[in-house]
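Asker:
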Amino acid sequence: MQPKVKQEGDIEKINKFIGYQLPNKFKIVGLVLFITSILSIIAFESFFGNSKYYGLLDRIAQTGLVLGLLIISISKEKMEDELMIKIRLQSYNYAVMGAVLLYLIMPFVNYALYFNNSYTPKMNGSKDVAVLALLLTIQILTFRKLKKAYNEE
């Protein structure tokens, strides 16, 4: 499967972006950031729960938590080979599918729980649907561009 000559530049750009990984030692940095963020969330709730700065502090801690997980996720393994690349790709695939399914199912679960405990249940959905839509759109567009570049369309 050889790419079209005029599409090789597109493939190189995508591979440069998606192939980026941090060195293995960054896993420790990500883990420290993750644990610190969890402890911060707990501490902020205890000490600043009624403060006007609680929302900001909590959001910073949540951002640190996600950033720590991202750093762990994109850090190389000690032995990075084709099998590790395949496993990483499969794990991202399952994570995205699981997140999308969870976001689609949870409003109905919440509705069912509130329906049993309230006279006026509301259908509350996730506020992050735009993020999931963007994620899936980028995946579809990238897939189509690579498929076209490899002349499979």
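FYI, our numbering numbers position 23 of the sequence shown as 37, with every residue one higher than the one before it.
All C-beta atoms in this analysis are idealised placements derived from N, C-alpha and C, irrespective of residue type, glycine included.
These numbers were taken from a predicted model, which means no experiment stands behind them.
Can you pull the DSSP bridge partners for Leu53?
Answerer: Here residue 53 refers to the residue found at position 39 of the sequence shown. In the DSSP output, where bridge partners are listed per residue, Leu53 has none listed.
Asker: Look at the Cβ atom of Ile88, then the Cβ atom of Gln35, and state whether they are nearer than 7 Å.
Answerer: Locating residue 88 in the sequence shown gives position 74, where the first residue counts as 1. Locating residue 35 in the sequence shown gives position 21, where the first residue counts as 1. Yes, Cβ-Cβ distance for Ile88 and Gln35 is below 7 Å.
Asker: By Cβ distance below 8 Å, which residues in the same chain neighbour Lys41 in space, the five residues on each side in sequence not counted?
Answerer: One-based indexing of the sequence shown puts residue 41 at position 27. Its chain contains Ile85, Ile86 and Ser89 as the residues whose beta carbon lies nearer than 8 Å to that of Lys41, once the 5 sequence neighbours on both sides are disregarded; these appear in chain order.
Asker: Which of the three DSSP states, helix, strand or coil, is assigned to Leu65?
Answerer: As a working note, residue 65 is residue 51 in the sequence shown. Just to set this straight, residue 65 is Ser in the shown sequence, not Leu. Residue state, collapsed to three classes: coil.
Asker: Would you kindly report the start and end of the unbroken alpha helix (DSSP H) that includes Ile101?
Answerer: Counting from 1 along the sequence shown, the entry for residue 101 is found at position 87. Start and end: Glu96 to Asn131.
Asker: On the CB-based measure, 16 or more other CB atoms within 10 Å of its CB, does Phe58 come out buried or exposed?
Answerer: Position 44 of the sequence shown holds residue 58. The residue in question, Phe58, is buried, as its Cβ has 16 or more Cβ neighbours within 10 Å.
Asker: How would you call Glu167, buried or exposed, if buried means at least 16 neighbouring beta carbons within 10 angstroms?
Answerer: Against the sequence shown, residue 167 aligns to sequence position 153. In this prediction, Glu167 scores a pLDDT of 44, lower than 50, which makes its location untrustworthy; the coordinate-derived value is nonetheless stated afterwards. Per the 10 Å Cβ criterion, exposed.
Asker: If you reduce the DSSP assignment to three classes, tell me which class Thr151 lands in.
Answerer: Taking the sequence shown and counting its residues from 1, the one referred to as residue 151 is at position 137. DSSP places Thr151 in helix when its eight states are reduced to three.
Asker: What residues match up with Leu36 in a beta bridge as DSSP calls it?
Answerer: Stepping through the sequence shown from its first residue, residue 36 is reached at position 22. Its beta-bridge partners are Ser89.
Asker: Is the beta carbon of Tyr117 less than 7 Å from the beta carbon of Leu146?
Answerer: Counting from one through the sequence shown, the residue named residue 117 turns up at place 103. Counting from one through the sequence shown, the residue named residue 146 turns up at place 132. Result yes, Cβ atoms of Tyr117 and Leu146 sit closer than 7 Å.
Asker: Going by beta-carbon coordinates alone, are Leu71 and Phe62 separated by less than 7 Å?
Answerer: Here residue 71 is taken as the residue at index 57 of the sequence shown, counted from 1. Here residue 62 is taken as the residue at index 48 of the sequence shown, counted from 1. Cβ distance < 7 Å, so Leu71 and Phe62 count as in contact.
Asker: With burial defined as no fewer than 16 other Cβ atoms inside 10 Å of the residue's Cβ, what is the status of Ser51: buried or exposed?
Answerer: Numbered from 1 along the sequence shown, position 37 holds the residue referred to as residue 51. Ser51 is buried by the Cβ-count criterion.
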